[in-house]
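Here is the structure we will look at.
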Ligand code: FES
Ligand code: FES
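In the numbering used here, the protein residues as written are 2 to 160.
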């Protein structure tokens, strides 16, 4: 079965005919070509597919596309400004070495964004907790936590 859904994607109004069994990850990557959101495990264990739906970080591999009808979705593609200036979280991940191969980075950044949007003063433990579902096979996490803390300390502003 197919269903026509409407949603906001990075602030743009979208209307899309979807198959009812599609996941949000499939819709974003395979149908819409937004490949910044990664597919790692495909079953809710790695966090590589994290996007924000109505201000909450979700695993898009477990989220049915039909459930975003009427919702507002944010993906990594929506973070940099149109002139190419990176979002403070993206810039901090670059500056602090929070990115190595980069596969986990979109998910890490979206989980961090959901946290800092809700709590701009999140402490170390709260950041760790927010990233508990995001796995990185490269960095060992110290640089990732430092990256989020640096973005928090900049208060959402690039230097
Ligand atoms: S791909 Fe969704 S949690 Fe791993
Ligand atoms: S930077 Fe490679 S998986 Fe995290």
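C-beta atoms are modelled at their ideal positions from N, C-alpha and C, and glycine is treated no differently.
- Counting only unbroken stretches of 4 or more residues, the alpha helix (DSSP H) elements lying wholly within the region 91 to 140 are 106 to 119 and 125 to 131, in sequence order.
- As computed with DSSP, residue 18 is found in a beta bridge with 5.
- For residue 53, the enclosing beta strand (DSSP E) starts and ends at 51 to 54.
- Measuring C-alpha to C-alpha distances from residue 34 to each of 10, 114 and 129 identifies 10 as the nearest.
- Residue burial annotation: residue 102 is exposed, with fewer than 16 other C-beta atoms found within 10 angstroms of its C-beta.
- Using a Cβ distance threshold of 8 Å, residue 50 and residue 61 count as a contacting pair.
- Per the CB criterion, closer than 6 Å to any heavy atom of ligand 1, the qualifying residues run in chain order as 40, 41, 42, 43, 45, 46, 47, 48, 49, 50, 60 and 62.
- Taking C-beta separations shorter than 6 Å and ignoring five residues to either side along the sequence, the partners of residue 72 in its chain run 8, 54 and 55, following chain order.
- Put simply, of 153, 107, 25 and 27 the residue whose alpha carbon is nearest the alpha carbon of residue 137 is 107.
- Take the alpha-carbon of residue 77 and the one of residue 95: they are about 15 Å apart.
- Near ligand 2, meaning a beta-carbon closer than 5 Å to one of its heavy atoms, we find 101, 102, 104, 105, 137, 138 and 139.
- 8 Å or more divides the Cβ of residue 85 from the Cβ of residue 140.
- By alpha-carbon distance to residue 105, the top candidate from 115, 41 and 30 is 41.
- In summary, residue 148 is buried, with 16 or more beta-carbon neighbours lying within 10 Å of its beta-carbon over all protein chains present.
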